[in-house]
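Using our numbering, the first residue of the sequence shown is number 715, and each one after it goes up by one. Glycine included, each C-beta is placed from N, C-alpha and C at the ideal position. Working notes, structure below.
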Amino acid sequence: MGLTETATRLIAKYGQAAEVLRPGEGTTDGFGGYIPGPDTAHPGTAMVATFTVNEEFIAAGLMDVGDQRVLVSVDGLTITPETTDKLRIGTTTLGIVRVVPHAPGGTLYFWEVQARDLV
């Protein structure tokens, strides 16, 4: 079993169904503003993990209290998560702050996403 399969299996075992929400084509409102289009849901599997205290200290200016570390499986997800997307896990929708592909040697195993409450 390769590392991608192992990561997929562990995220499926300890994670849950999730959706990456990609914003749809927007329009202008005629007054210089922008009206975003409806989101398109892309189903996948994600596991919420925690940031360690050391990581929070290192990234002091880059993280907010309550930020979540989410590991997103590559299995079944047809898009690459981006910071303009949102992530829905259960009934909670989170904004995506940062996306890190874990792809040593060019093989993508999973994405690590820093997600934040939409306020």
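Quick one: Cα of residue i to Cα of residue j, how far?
i	j	result
Pro-750	Gly-740	4 Å
Thr-722	Gly-747	41 Å
Lys-800	Thr-766	23 Å
Gly-744	Thr-798	23 Å
Could you check what DSSP says for residue i in three-state terms: helix, strand or coil?
i	result
Gly-780	coil
Leu-785	strand
Gly-747	coil
Pro-752	strand
Glu-739	strand
Glu-719	helix
According to the Cβ coordinates, are residue i and residue j closer than 9 Å?
i	j	result
Leu-724	Arg-802	no
Val-762	Asp-781	no
Phe-824	Thr-742	no
Ala-829	Val-784	yes
Thr-792	Val-813	no
Gly-758	Gly-790	yes
Gly-809	Leu-832	yes
Val-788	Glu-826	no
Residues bridged to residue i by DSSP?
i	result
Glu-733	Pro-757 and Arg-802
Val-811	None, per the DSSP bridge assignment.
Phe-824	Ser-787 and His-816
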